[in-house]
Structures are given as structure tokens and as C-alpha cells.
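Residue numbering for the sequence shown is 1476 to 1778, as defined by our numbering. Below: one structure, written as C-alpha cells.
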Amino acid sequence: MIHGIRYVRQDVSYISKNHYCPICNTLLNAVKVSKVINSNSEEAKDLPPILPKTVIGCGVKFRNYNAVGNIKWIWKQFECPNCKHNFTVDQIKQIESSPKEKWIELLSSFDEPSILHDQKKMNTKNSKSKMKLVLLITIPTIIILTFVIGLIITLSSSSDFVDTNGPENFSLVELTKEDIIKSDKNYRASMGSKQRSGGKTYVVGTKFREYDRDHITVSYGKIHGVTILQATKIFGNTLTININSSIEKGNAEIIVMIDGEYYCSVIANQNQSITLQDISGKEVIVKLAGEDAKIKVDIVRTY
1476 MIHGIRYVRQ DVSYISKNHY CPICNTLLNA VKVSKVINSN SEEAKDLPPI LPKTVIGCGV
1536 KFRNYNAVGN IKWIWKQFEC PNCKHNFTVD QIKQIESSPK EKWIELLSSF DEPSILHDQK
1596 KMNTKNSKSK MKLVLLITIP TIIILTFVIG LIITLSSSSD FVDTNGPENF SLVELTKEDI
1656 IKSDKNYRAS MGSKQRSGGK TYVVGTKFRE YDRDHITVSY GKIHGVTILQ ATKIFGNTLT
1716 ININSSIEKG NAEIIVMIDG EYYCSVIANQ NQSITLQDIS GKEVIVKLAG EDAKIKVDIV
1776 RTY
């Protein structure tokens, strides 16, 4: 039972103005969020000042500024309709009062607003419980079916690729630079693994967000086609990318692109460090092109 409603005192004039997402530059929406907190709890002691408001209790409308017990706290925060990130009012104030080169550092230090995080947990708690039994049954079945279907496709699909440059030459035969530049994720592969770790820049486009990590390791028993390995967008001027690759058979090439344009290539079976200057606000994409290649690639970026 809710014994009272309290509104957090916020800067209404600031909230009513236009503010833009520091990640994708989309106009933010001011949304109302709430959380029920017991007034006698430790958490209640750290809550911000409130505005007195009419409350509802036992079906009767009344004034109760000093209600105790389960209190519903209500306040506003910002939500991006494009990238779905949420920000407190204080976080946006912090961003807007800081130079752009500090934004990445600030974004990295921000957690999802705790009130929204808790609300999401409460909203999904019941549905998770109901789905638990179903998932326990269906997940193993799905995994087995996926493995079997993938194995059948891999074994039954015949590649018409002919490696005309021999087993000691790993240069591409069929795929051109134009093919690699135009393709983002167009490949077939078997026995592959991917590991992504380290920090994020948080400002790459939605399309490339899953590749935004400092350390990327991929391994394929066989890959034919083009895939993205890493995506980076920073507001600093210097980015260093260390690429370490080893190939056992087939052909492969790694290319680096800046804002959709070709920058350079890295031949397979080489360790190479690439330093890019004056790239503030530019999107750097690393791609792998393989022709029936058995290959492992490790990428580490610093900025």
C-alpha cells in the first residue's frame, strides 16, 4: 500500500528547454519516473528535497505532507528516443557545461539512473519468474537445433571459391576493396568465436554499437565474405589501433575505414600498429575480409 506521494524538487525551467543526447545528438524527451521507498529506510535519508503534493490514501483524497511508510517518489529525467539511453537532469547539466573532449570520460562515469534501473527490475521481476520454467525447457532445445542446423548447412554448402594464388600467398583473389567498403556484414563462417572486452566510446552510431570495445578477438575455422571487427568514435585527436593476425589457410585482408572511406590495409599474418591523427568526431571502422580463411585476429585500441 502507498501511504503518500512526494515530488522531487527540480529545475522545471531547465527541464522544459531543448536538450540533446550526448551520444547520438537526438532531442531528448523529459519523462516522469517513480519509485516506492519506505520513509524509514536508509535510502530515504539520501533522497533530495520534495514538493508537497496531494496524495491518495484509502480511497480518500487528502493532504498529507508528512506521510510515513511506503512513499511514492516522482521526478523527471531525460530519455533518448533514438539510442534509448537515460540521463538524470544533473548528468545532462554536467555534460552541457563541459567541453566535448570531456564527454567520453563523463559518459563512462555515468551509471543508468538508479531510480529507472530499480523500476525496470521491479517491472520485470514477475515476468522473469513466469518465464524461468519455459526457458529452462526451451533453451537447451534451441541450442541443439541451432547447432544441428548450422552443421548441416556448413557440411552441405559447397563453396565455388578457388584459391588460385596458392597456399603460401594469403592475398585476396576475388574480393576487391570496393566489395569490402560496401559490405558491413555479408559472410558465411564456421567454428567461429568472438570476444569483446574493455571500455566503450559510447558515441559510435547505433549500427556499429556492438563493435565498440577496446579489445576485440575473433577466430574462425573458415570465413568467406566481409565482417566488421571494431568501431570507434572519439572526441580526442589521436587513436592507435594494434592489429595482430594469424592465418593458417585461405586468403584474408583487414582494412581500416574513416567515415566510410578507405584508409589503409593490413595483410594477414602481420602485426601492425596504426596511429590515426585529427580524427575527433570521426567514425573509424576495422573490417575483415576472408576467402575460405582459417584466421584469428586480435585488436587493441588506445586513445
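Heads up, the beta-carbon is just placed ideally off N, CA and C, and yes, glycines get one too.
From the options, residue whose alpha carbon lies closest to that of residue i
| i | options | result |
| --- | --- | --- |
| Val1543 | Asn1644, Ile1480 and Ile1619 | Ile1480 |
| Asn1793 | Ile1774, Ser1748, Ala1743 and Tyr1737 | Nothing about residue 1793 can be reported from this structure: the residues present for the chain run from 1476 to 1778 only. |
| Val1775 | Asn1513, Tyr1686, Tyr1738 and Ile1698 | Tyr1686 |
| Arg1484 | Gly1641, Trp1550, His1560 and Val1731 | Trp1550 |
| Ala1519 | Val1637, His1699, Asn1545 and Asn1557 | Asn1545 |
| Glu1766 | Asp1734, Ile1614, Tyr1778 and Val1648 | Val1648 |
| Asn1442 | Tyr1495, Lys1547 and Ile1490 | Here the chain covers residues 1476 to 1778 and nothing more, so residue 1442 does not appear. |
| Ala1764 | Leu1650, Ile1733 and Asp1734 | Leu1650 |
| Ile1733 | Gln1745, Thr1613 and Lys1762 | Lys1762 |
Alpha carbon of residue i to alpha carbon of residue j, nearest angstrom
| i | j | result |
| --- | --- | --- |
| Asn1493 | Leu1581 | 20 Å |
| Ser1646 | Ala1727 | 6 Å |
| Ile1579 | Phe1710 | 8 Å |
| Phe1562 | Lys1708 | 20 Å |
| Thr1529 | Ile1760 | With a pLDDT of only 44 at Thr1529, under the threshold of 50, the placement of this residue in the model should not be trusted; the figure read from the coordinates follows. Roughly 54 Å between the two C-alpha positions. |
| Lys1660 | Pro1574 | 35 Å |
| Val1679 | Ile1498 | 8 Å |
| His1560 | Glu1554 | 6 Å |
| His1699 | Asp1638 | 12 Å |
| Asp1779 | Asp1689 | Only positions 1476 to 1778 of the chain appear in the structure, and residue 1779 is not among them; the question remains open. |
| Val1535 | Lys1510 | Only weak support exists for where Val1535 lies, its pLDDT of 36 falling under 50; the value from the coordinates is given anyway. If you take the alpha carbons of Val1535 and Lys1510, they lie about 22 Å apart. |
| Lys1652 | Gly1725 | 17 Å |
| Ser1572 | Val1487 | 18 Å |
| Leu1503 | Asn1557 | 9 Å |
| Ile1716 | Val1741 | 11 Å |
| Lys1757 | Leu1714 | 11 Å |
| Phe1683 | Tyr1482 | 39 Å |
| Ser1583 | Ile1656 | 30 Å |
| Ser1665 | Lys1771 | 13 Å |
| Asn1500 | Thr1777 | 24 Å |
| Arg1663 | Ile1754 | 32 Å |
| Cys1739 | Glu1576 | 26 Å |
| Asn1746 | Ile1614 | 40 Å |
| Lys1697 | Val1506 | 48 Å |
| Ser1602 | Pro1642 | Because Ser1602 carries a pLDDT of 49, less than 50, the predicted location of this residue cannot be relied on, and no value is offered for it. |
| Tyr1736 | Thr1681 | The sequence shown places Glu at residue 1736, not Tyr. Near 19 Å, if we compare the C-alpha coordinates of Thr1681 and Glu1736. |
Beta bridge counterpart(s) of residue i as assigned by DSSP
| i | result |
| --- | --- |
| Ala1764 | Val1701 and Glu1728 |
| Phe1562 | Phe1553 |
| Cys1499 | Bridge partners of Cys1499: none, in fact. |
| Ala1664 | Ile1698 |
| Trp1548 | Arg1481 and Lys1510 |
| Arg1776 | Ile1716 |
| Arg1671 | Ile1691 |
| Lys1769 | Lys1724 |
| Val1678 | BP columns for Val1678 are empty, so no partner. |
Alpha helix (DSSP H) segment containing residue i, residue limits
| i | result |
| --- | --- |
| Lys1657 | Lys1652 to Lys1657 |
| Ser1748 | Per DSSP, Ser1748 belongs to no alpha helix (DSSP H); it is in the beta strand (DSSP E), Asn1746 to Gln1752. |
| Ser1740 | It is not in any alpha helix (DSSP H) - Ser1740 instead sits in the beta strand (DSSP E) that spans Glu1736 to Ile1742. |
Extent of the continuous beta strand (DSSP E) run through residue i
| i | result |
| --- | --- |
| Ile1490 | Where Ile1490 is concerned, there is no enclosing beta strand (DSSP E), although the alpha helix (DSSP H) it sits in stretches over Val1487 to Ile1490. |
Cβ pair count under 8 Å reaching 3, the stretch 1668 to 1684 against the stretch 1713 to 1721: Fewer than three beta-carbon pairs drawn from the stretch 1668 to 1684 and the stretch 1713 to 1721 are found closer than 8 Å, and the two stretches are therefore not classed as touching.
I want to know whether the stretch 1661 to 1670 touches the stretch 1690 to 1698 - three or more CB-CB distances under 8 Å. A contact is defined here as three or more CB-CB pairs under 8 Å, and the stretch 1661 to 1670 meets this definition with respect to the stretch 1690 to 1698.
Three CB pairs or more closer than 8 Å across the stretch 1697 to 1704 and the stretch 1744 to 1758: Output reads no: the stretch 1744 to 1758 does not touch the stretch 1697 to 1704.
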